[in-house]
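Notes follow the structure.
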Amino acid sequence: MFLPVILFFVAILLLMLFMSLRISIELTAKSSGITYTVKGSIFKYIKIVEVKSGTKKQKRQEKDSEKKRERILDLIRIAINGKIFHIEKLSLSGTFSINDAAANAVLYGTFLTLWQFIIILLSANFKLEHQNYSFYPDFQNDKNELIFQLILRVVILKALSLIINYYLESKIKINNN
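Next comes the structure, spelled out in structure tokens:
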């Protein structure tokens with residue numbers, strides 16, 4: 028009697044392991060200040076976590092946070108080398124302006140060259156699906172605005188296997204020492 032219910036929940040759990048987790052990062056820089064938003068979601072619409080600029084941060088203990096930060100950075104390095112992240116969207120848009128039109132043109136060429144270099148570098152290490160560059164000089168107005176968007180996608184099963192593997196390797200290193 029309970030077997031169909033148990034099988035249903037096991038099927039849902041297995042389905043969830045093969046879903047993609049999306050991490051969306053948006054940074055906006057205007058003359059009024061810099062704001063950011065970091066979101067984690069499943070299926071594009073089911074929001075798990077959202078962190079916005081201006082929210083209060085809890086103070087952490089320095090010793091524990093330093094060790095945790097080092098572990099997280101190690102885990103991110105392993106994830107990048109394992110190529111488990113897919114860059115779904117990479118976008119840079121906005122306008123920039125300084126008083127000299129020739130300097131604006133030189134800056135535009137420099138920014139465009141740097142963007143292409145970043146795209147080549149990211150394409151070598153990630154699967155890059157969509158990229159957009161629309162960061163142009165504004166010759167009419169003296170307005171500076173930058174909007175950077177990045178959406179990373181990772182399959183939950185791959186992320187869990189990476190975390191478990193990292194945890195087991197760290198335990199083996201501790202036991203060997």
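Residue numbers 28 to 204, in the numbering used here, belong to the letters of the sequence shown in order.
For every residue, glycine included, the Cβ atom is placed at its ideal position computed from N, Cα and C.
Reduced DSSP secondary structure (H/G/I, E/B, other) of N159: Taking the sequence shown and counting its residues from 1, the one referred to as residue 159 is at position 132. DSSP places N159 in strand when its eight states are reduced to three.
Close-in-space but distant-in-sequence residues of the same chain around S124 (CB under 8 Å, 5 per side omitted): Taking the sequence shown and counting its residues from 1, one reaches residue 124 at position 97. Excluding sequence neighbours, S124 sits near N131, P164, D165, F166, N168, D169, K170, N171.
Nearest-angstrom Cα separation, counted from I191 out to N159: As a first step, residue 159 must be located in the sequence shown, where it is residue number 132. As a first step, residue 191 must be located in the sequence shown, where it is residue number 164. If you take the alpha carbons of N159 and I191, they lie about 35 Å apart.
Residue environment, F36, which counts as buried when at least 16 other CB atoms sit within 10 Å: Counted from its first residue, the sequence shown places residue 36 at position 9. Counting Cβ neighbours within 10 Å, F36 comes out exposed, since fewer than 16 surround it.
Opening and closing residue of the alpha helix (DSSP H) in which Q143 lies: Residue numbering aside, residue 143 sits at position 116 when the sequence shown is read from its first letter. Its alpha helix (DSSP H) spans residues 128-152.
Under the three-state DSSP convention, the category F175 falls into: Looking up residue 175 in the sequence shown gives position 148. F175 falls in the strand class under three-state DSSP.
Spatially closest choice to E156 from L177, S59, L173, by CA coordinates: Here residue 156 is taken as the residue at index 129 of the sequence shown, counted from 1. Of the candidates L177, S59, L173, the one whose C-alpha sits nearest the C-alpha of E156 is L177.
Three-state secondary structure (DSSP) of I201: Reading the sequence shown from its first residue, position 174 is the one you call residue 201. Residue state, collapsed to three classes: helix.
The beta strand (DSSP E) enclosing F29, as first and last residue numbers: Here the question's residue 29 lines up with position 2 in the sequence shown. Looking at the DSSP string, F29 is not in any beta strand (DSSP E), and its letter there is neither H nor E.
Alpha-carbon spacing of S52 relative to G136, whole angstroms: Against the sequence shown, residue 52 aligns to sequence position 25. Against the sequence shown, residue 136 aligns to sequence position 109. Here residue 52 is Ile; the residue named in the question, Ser, does not match the sequence. Approximately 26 Å, taken between the alpha carbons.
Range of the contiguous beta strand (DSSP E) that encloses I114: Counting from 1 along the sequence shown, the entry for residue 114 is found at position 87. 113-123 is the span of the beta strand (DSSP E), which, as asked, contains I114.
Opening and closing residue of the beta strand (DSSP E) in which S58 lies: Translated into the one-based positions of the sequence shown, residue 58 becomes position 31. Element bounds for S58: n/a, residue is neither H nor E.
Assigned secondary structure, K74 (DSSP; H/G/I helix, E/B strand, else coil): Counting from 1 along the sequence shown, the entry for residue 74 is found at position 47. The answer is strand: DSSP assigns K74 an E or B state.
Strand pairing of I190, partner residues [DSSP]: Position 163 of the sequence shown, counted from the start, is the residue given in the question as residue 190. DSSP output for I190 lists no bridge partner at all.
Buried versus exposed, by CB contacts within 10 Å (16 or more), F162: Translated into the one-based positions of the sequence shown, residue 162 becomes position 135. Classification for F162: buried.
Proximal residues to G121 (C-beta, below 6 Å), its chain only, five neighbours per side dropped: Looking up residue 121 in the sequence shown gives position 94. Excluding residues within five positions, the ones whose Cβ falls inside 6 Å are F162, E172, L173, I174.
Minimum C-alpha distance to V23 - residue among V65, Y72, K71, I69: Here the chain has residues from 28 to 204 only, and residue 23 is not among them.
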